[in-house]
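S.K.: Sequence order for the protein chains is W and C.
For the first sequence, counting from 1, position 384 maps to 384 in full-length UniProt numbering; every step adds exactly one.
For the second sequence, counting from 1, position 49 maps to 49 in full-length UniProt numbering; every step adds exactly one.
From the three backbone atoms N, C-alpha and C, an ideal C-beta is built for every residue, glycine too.
All figures in this text were calculated on a predicted structure; none of them were measured in a lab.
Quick one: the structure is below, questions incoming.
Protein chains: 2
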Amino acid sequence: MPENDVQNAVEELLTNNLDTSAQQAFIEKLEHETSPVDMALLLESLPFLERLETWAQISADIKLPILVEMRADAGESIVDSLTHAELLTLFTDIDANTLVELQDIIPDHHLETVLAKMDETQLSHYSAAQQFNDDEVGHWCDHQPLVVPAKTKIKVVLRLIRRSSSSHCNVVFLVDNRGNWQGVVRINQLFGADPLLRVAELIEEDYLTLSANEDVYIAADKVAQSNESALPVITTGGLLIGRLDIGAAYKLQAEHAESQIMATAGLDENEDLFSPVRKSAKNRAIWLGINLLTAFLASWFIGMFEATIQQVVALAVLMPVVASMGGIAGSQTLTLIVRGLALGHISMANMKPLLFKELKVAILNGILWSLVIGLVTGYWFDDVMLGIVIGLAIVANIITAALAGVLVPVALDKMKIDPALSGSVILTTVTDIIGFVVFLGLGTILLL
Amino acid sequence: MPENDVQNAVEELLTNNLDTSAQQAFIEKLEHETSPVDMALLLESLPFLERLETWAQISADIKLPILVEMRADAGESIVDSLTHAELLTLFTDIDANTLVELQDIIPDHHLETVLAKMDETQLSHYSAAQQFNDDEVGHWCDHQPLVVPAKTKIKVVLRLIRRSSSSHCNVVFLVDNRGNWQGVVRINQLFGADPLLRVAELIEEDYLTLSANEDVYIAADKVAQSNESALPVITTGGLLIGRLDIGAAYKLQAEHAESQIMATAGLDENEDLFSPVRKSAKNRAIWLGINLLTAFLASWFIGMFEATIQQVVALAVLMPVVASMGGIAGSQTLTLIVRGLALGHISMANMKPLLFKELKVAILNGILWSLVIGLVTGYWFDDVMLGIVIGLAIVANIITAALAGVLVPVALDKMKIDPALSGSVILTTVTDIIGFVVFLGLGTILLL
Numbered sequence: 001m002p003e004n005d006v007q008n009a010v011e012e013l014l015t016n017n018l019d020t021s022a023q024q025a026f027i028e029k030l031e032h033e034t035s036p037v038d039m040a041l042l043l044e045s046l047p048f049l050e051r052l053e054t055w056a057q058i059s060a061d062i063k064l065p066i067l068v069e070m071r072a073d074a075g076e077s078i079v080d081s082l083t084h085a086e087l088l089t090l091f092t093d094i095d096a097n098t099l100v101e102l103q104d105i106i107p108d109h110h111l112e113t114v115l116a117k118m119d120e121t122q123l124s125h126y127s128a129a130q131q132f133n134d135d136e137v138g139h140w141c142d143h144q145p146l147v148v149p150a151k152t153k154i155k156v157v158l159r160l161i162r163r164s165s166s167s168h169c170n171v172v173f174l175v176d177n178r179g180n181w182q183g184v185v186r187i188n189q190l191f192g193a194d195p196l197l198r199v200a201e202l203i204e205e206d207y208l209t210l211s212a213n214e215d216v217y218i219a220a221d222k223v224a225q226s227n228e229s230a231l232p233v234i235t236t237g238g239l240l241i242g243r244l245d246i247g248a249a250y251k252l253q254a255e256h257a258e259s260q261i262m263a264t265a266g267l268d269e270n271e272d273l274f275s276p277v278r279k280s281a282k283n284r285a286i287w288l289g290i291n292l293l294t295a296f297l298a299s300w301f302i303g304m305f306e307a308t309i310q311q312v313v314a315l316a317v318l319m320p321v322v323a324s325m326g327g328i329a330g331s332q333t334l335t336l337i338v339r340g341l342a343l344g345h346i347s348m349a350n351m352k353p354l355l356f357k358e359l360k361v362a363i364l365n366g367i368l369w370s371l372v373i374g375l376v377t378g379y380w381f382d383d384v385m386l387g388i389v390i391g392l393a394i395v396a397n398i399i400t401a402a403l404a405g406v407l408v409p410v411a412l413d414k415m416k417i418d419p420a421l422s423g424s425v426i427l428t429t430v431t432d433i434i435g436f437v438v439f440l441g442l443g444t445i446l447l448l
Numbered sequence: 001m002p003e004n005d006v007q008n009a010v011e012e013l014l015t016n017n018l019d020t021s022a023q024q025a026f027i028e029k030l031e032h033e034t035s036p037v038d039m040a041l042l043l044e045s046l047p048f049l050e051r052l053e054t055w056a057q058i059s060a061d062i063k064l065p066i067l068v069e070m071r072a073d074a075g076e077s078i079v080d081s082l083t084h085a086e087l088l089t090l091f092t093d094i095d096a097n098t099l100v101e102l103q104d105i106i107p108d109h110h111l112e113t114v115l116a117k118m119d120e121t122q123l124s125h126y127s128a129a130q131q132f133n134d135d136e137v138g139h140w141c142d143h144q145p146l147v148v149p150a151k152t153k154i155k156v157v158l159r160l161i162r163r164s165s166s167s168h169c170n171v172v173f174l175v176d177n178r179g180n181w182q183g184v185v186r187i188n189q190l191f192g193a194d195p196l197l198r199v200a201e202l203i204e205e206d207y208l209t210l211s212a213n214e215d216v217y218i219a220a221d222k223v224a225q226s227n228e229s230a231l232p233v234i235t236t237g238g239l240l241i242g243r244l245d246i247g248a249a250y251k252l253q254a255e256h257a258e259s260q261i262m263a264t265a266g267l268d269e270n271e272d273l274f275s276p277v278r279k280s281a282k283n284r285a286i287w288l289g290i291n292l293l294t295a296f297l298a299s300w301f302i303g304m305f306e307a308t309i310q311q312v313v314a315l316a317v318l319m320p321v322v323a324s325m326g327g328i329a330g331s332q333t334l335t336l337i338v339r340g341l342a343l344g345h346i347s348m349a350n351m352k353p354l355l356f357k358e359l360k361v362a363i364l365n366g367i368l369w370s371l372v373i374g375l376v377t378g379y380w381f382d383d384v385m386l387g388i389v390i391g392l393a394i395v396a397n398i399i400t401a402a403l404a405g406v407l408v409p410v411a412l413d414k415m416k417i418d419p420a421l422s423g424s425v426i427l428t429t430v431t432d433i434i435g436f437v438v439f440l441g442l443g444t445i446l447l448l
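What follows is the structure in structure tokens.
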């Protein structure tokens, strides 16, 4: 359902204050017309109380699929409101995958009871997942039914396939009797094949596989690039532990993109639109604090030029122009480099040509805008020398910005720090300080 | 192949200056070991000359698949370097989909010749795609082979399926003899079915469909949510014109996420890491210009307080702190809201509770940080009153930031302007101006 239908539902639930039965009816209607993903979006779009109210009216059988689709913080706000008994009902017959996705928002003491009630196979899948960090694909892979010993007869496999309803599945995985990976057989190859043959006769052994330890997002890209519907996930020992299908890959990619965008503002991708005020204030305070330090640092440098500013107040008036041009030019380079790092574009080998190109761009724009700004300033304050000072400062700052825009994210990446998160803070600190020092320094030399 | 292998390849090609034959051998090796996507990443990672050199050595048969995977600007840099003859060879037997993806980077006069040589069916698919804007799914859908008239016998369908190699395909689309959509039959349902029956006997009519006019990114999400491998794309007239499969959906989503991230810096998602200096300088100049105007505006407001600054230079020294705190607090709210708008979280109905929540967060952080900043300032300049002035300014600015952070993106969205692109410029302009005016205004009243 297109976004605006979720919005209409929010409208319906928040503004037209329906009585309980009307609300009940409306939600029932929604359940039939929309996907769990949209129901999750709806719940995320509701303030805390209305969220719980709506949740209470959702039919029990689709609550779990909806909860899985919710972002962690919003999901947690619901889980925390449930009694132990309610949680147990919610989590009866939960499968390993669902539990892996929810484990972070389930309080440990509840988790234990859930695991105690879990069925053998699922429990084994779940503990298998726990062998891997949550950035490894082994932690997230699912456990599709279509795995058979290579010696199985084709007619048996055909029966399995006819019954199977698992999505993104057009191959059957083949294993030996120890469960080690052998290869696949493509379902469409089974048509017309002799039903009494062993499926191994049609095996494709060079089918692409994922190693359980590889990064989950890189694995998702591999699945997408493979043009297969799913790739098998295999331990170093050769054991088949599950698969990553293209549908799961899509979700992983969406999640990753969201976290990258949120990171640029120092936010977590799970940040709840209606998270408790205290919690969200606390999360954001840290980021504000870090930025405050850098701001005070810039102020401290400006402070060194108090005497100059007192005599030429125009310098103070123009400081935002110097800072802004440096910040923007830098963030343009930074953004390009951060994307390059994420895609694997950038390496030591192309750093130099890249740096040169960005420098040339900076010189062109530096000259262009220093002329514009210099002239405007000269007229505005009727002071040619001031125009020259700010012009020079702009050139210097835009060039600094290009250098920092390339070097800062690359350095952070080398230090295994996410440049999407901390890149811009450091960059603007550099451009602010260099910009102010050059501008006020030149002012001191040339205007006093 | 994991990112760093692309990087290794770049290393190999740029630093160890291989002779032509060694290079040739290396590239041949790459072609076999890596996907077109990675070859595309490799070419994008090379400076212009090396890029063309490498391109020339790639075997003709995989050039087109690689070109399709490249970002527009990088792809264009190659296409522009080719002679008319080379282009024609490259584009012989090009299919409609590939041409649709490349049409923007092919000069019109070449495009005409390519179309002239195109085969009937593909040409008709191509012109069908041209009936839709490039933000509509009808423009991007592909044309998979597995479409049959509903009256076809199952044995015929089975033969088609066995031969078919199209990916993400576990249903067969059924149409009437006018090509109008009827429904699907699931391939696994065909096992054991009587081969002499018409496939219509097994038809599933309520299969989800996409309307050719809907937004291509919303369509991609629908495909992912449907848990089907592909959804049919249908005109308002009921004609089946193609399908969007989960693989294509994955690519569309990746593209969209990239464009959102690049937009925050005023960049196009196709920006080439090694785009010609002039071109990239020009692209970025516009963004710098827009930001310059807002910076001058801020300066103009500061200018109104020249007299005050002259007497209390400390005010000038501390301006960056006021601006920074407002900017950061605002960008945190902005980012949350922009995501909310993209997901469809936000509507008129939950605006009010959302605004209140953000205000409460702002008040908490405003008070916290105004105390910290007030005290630090008081000690630093040994001036209690100055501490009070900046404290008040910070509270005011952080609250303004929260208001602007919610209202600016929502207003832009209403005006059909992408808030990811212009949101932060407008926001920081607001926070800068309000911040400076309150800070310097209070300074004028309380410190003189």
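Applying the criterion that 16 or more other CB atoms from any shown protein chain within 10 Å of the CB defines a buried residue, is asparagine 97(W) buried or exposed?
M.R.: buried
S.K.: Rounded to whole angstroms, what's the CA-CA distance from tryptophan 369(C) to leucine 359(C)? Just pull it up for me.
M.R.: 15 angstroms
S.K.: I want to see whether chain W comes within less than 8 angstroms of proline 2(C), judged by CB atoms only; does it?
M.R.: At proline 2(C) the pLDDT is 41, less than 50, meaning the model places this residue with poor confidence; the figure from the coordinates comes in the next sentence. By this cut-off, proline 2(C) is an interface position.
S.K.: Using beta carbons (cut-off 8 angstroms, strictly below), is serine 81(C) in contact with chain W?
M.R.: Any Cβ of chain W closer than 8 angstroms to the Cβ of serine 81(C) would place that residue at the interface, and such an atom is absent.
S.K.: Mind pulling the alpha helix (DSSP H) runs of 4 or more residues that sit fully within the region 134-176 of chain C?
M.R.: 137-140 and 154-163
S.K.: Assuming arginine 186(W) and lysine 151(W) form a contact by the criterion Cβ under 8 angstroms, report the distance between their Cβ atoms to the nearest whole angstrom.
M.R.: No, arginine 186(W) and lysine 151(W) are not in contact; Cβ-Cβ is about 18 angstroms, not under 8 angstroms.
S.K.: Glycine 227(C) versus chain W: which residues are under 7 angstroms apart at the beta carbon?
M.R.: Sequence inspection shows asparagine at residue 227(C); the glycine mentioned does not correspond to that position. Asparagine 227(C) reaches chain W at Ser167 and Gly247, counting residues in chain order whose Cβ is nearer than 7 angstroms.
S.K.: Taking isoleucine 434(W) as the reference, which of Glu255(W), Gln310(W), Met319(W) and Val223(W) has the closest Cα?
M.R.: Met319(W)
S.K.: Counting only Cβ pairs nearer than 7 angstroms, list the residues of chain W close to glycine 183(C).
M.R.: Within 7 angstroms Cβ-Cβ: nothing; glycine 183(C) doesn't reach chain W, min ~18 angstroms.
S.K.: Give every residue of the same chain whose Cβ lies closer than 7 angstroms to the Cβ of glutamine 57(W), excluding the five residues on either side of it in the sequence, and list them in chain order.
M.R.: Gln23, Gln24 and Ile27
S.K.: Take the Cβ of threonine 15(W) as the centre, count every other Cβ of all protein chains shown within 10 Å, and call the residue buried at 16 or more, exposed below.
M.R.: By the 10 Å Cβ count, threonine 15(W) comes out exposed.
S.K.: Listing by chain order, which chain C residues have their CB less than 8 angstroms from the CB of glycine 242(W)?
M.R.: Here the premise fails: no neighbours, minimum Cβ distance about 17 angstroms.
S.K.: Compare the C-beta of valine 233(W) against all C-beta atoms of chain C and say whether one is closer than 8 angstroms.
M.R.: For valine 233(W), the answer is no, since every Cβ of chain C falls outside 8 angstroms of its Cβ.
S.K.: Once DSSP output is grouped into helix, strand and coil, what is the label at valine 317(C)?
M.R.: In the structure shown, valine 317(C) adopts helical secondary structure according to DSSP, grouped into three states.
S.K.: Which one of Gln310(C), Pro409(C), Phe381(C) and Ala307(C) has the shortest CA to CA distance from residue 461(C)?
M.R.: No information on residue 461(C) is available, as it lies outside the stretch 1 to 448 that chain C covers here.
S.K.: So if I threshold CB-CB distances at 9 angstroms, which residues from the region 248-262 of chain W count as touching chain C?
M.R.: Ala249, Tyr250, Lys251, Gln253, Ala254, His256, Ala257, Glu258, Gln260, Ile261 and Met262
S.K.: Closest to threonine 429(W) by CA distance: which of Tyr379(W), Asp413(W), Gly330(W) and Ile367(W) is it?
M.R.: Of the candidates Tyr379(W), Asp413(W), Gly330(W) and Ile367(W), the one whose C-alpha sits nearest the C-alpha of threonine 429(W) is Gly330(W).
S.K.: Looking at C-beta atoms only, is the number of pairs between the region 384-391 of chain C and the region 310-329 of chain C that lie closer than 8 angstroms three or more?
M.R.: yes
S.K.: Sorted by chain position, which residues of the same chain lie with C-beta nearer than 8 angstroms to lysine 153(C)'s C-beta, five sequence neighbours on each side aside?
M.R.: Pro195, Leu196, Leu197, Arg198 and Val199
S.K.: Report the rounded CA-to-CA distance for methionine 1(C) versus alanine 212(C), giving the unit in angstroms.
M.R.: Only weak support exists for where methionine 1(C) lies, its pLDDT of 33 falling under 50; the coordinates are left without a value.
S.K.: In the DSSP output, what is serine 331(C) paired with across the bridge?
M.R.: None; serine 331(C) has no bridge partner.
S.K.: What I want to know is whether the C-beta of lysine 279(W) ends up closer than 7 angstroms to one or more non-hydrogen atoms of the ligand NAD.
M.R.: In the structure on display, the ligand NAD does not appear, and there are no ligands present to speak of.
S.K.: From the DSSP output, which residues share a beta bridge with glutamate 204(C)?
M.R.: Val184(C)
S.K.: So is glutamine 182(C) buried or exposed if we call it buried at 16+ other beta carbons inside 10 Å?
M.R.: buried
S.K.: In chain order, what residues of the region 269-287 of chain C put their CB closer than 7 angstroms to some CB of chain B?
M.R.: The chain labelled as chain B is not found among the protein chains of the depicted structure, namely W and C.
S.K.: Which chain C residues sit within Cβ distance under 7 angstroms of residue 464(W)?
M.R.: Any property of residue 464(W) remains undetermined from this structure, which presents chain W solely from 1 to 448.
S.K.: Interface residues of chain W around alanine 56(C) at Cβ under 7 angstroms?
M.R.: What alanine 56(C) touches in chain W: nothing, since even the nearest Cβ is about 19 angstroms away.
S.K.: Name, please, each residue of chain W whose Cβ falls closer than 9 angstroms to the Cβ of methionine 325(C).
M.R.: Leu288, Asn291, Leu292 and Ala295
S.K.: Only counting the same chain, and skipping five residues up and downstream in sequence, which positions put a Cβ closer than 8 angstroms to that of isoleucine 161(C)?
M.R.: Leu146, Val172, Ile187 and Leu190
S.K.: Indicate whether aspartate 38(W) and valine 6(W) have their beta-carbon atoms separated by less than 8 angstroms.
M.R.: yes
S.K.: Take every Cβ of the region 130-144 of chain C, pair it with every Cβ of the region 108-118 of chain C, and state whether three or more of those distances are shorter than 8 angstroms.
M.R.: no
S.K.: Using a Cβ cut-off of 7 angstroms, pull out every chain W residue sitting near alanine 393(C), in sequence order please.
M.R.: Within 7 angstroms Cβ-Cβ: nothing; alanine 393(C) doesn't reach chain W, min ~13 angstroms.
S.K.: Is there contact here, the region 269-286 of chain C with the region 294-313 of chain W, by at least three beta-carbon pairs under 8 angstroms?
M.R.: As far as the Cβ criterion goes, the region 269-286 of chain C does not touch the region 294-313 of chain W, which means the pair count is below three.
S.K.: Does the Cβ-Cβ distance between valine 313(C) and isoleucine 309(W) come in under 8 angstroms?
M.R.: It is a contact, given that the beta carbons lie within the stated cut-off.
S.K.: What is the DSSP secondary structure of isoleucine 94(C), counted as helix, strand or coil?
M.R.: In this structure, isoleucine 94(C) counts as coil in the three-state DSSP scheme.
S.K.: Just by C-beta distance, which residues in the region 196-209 of chain W are closer than 9 angstroms to chain C?
M.R.: none
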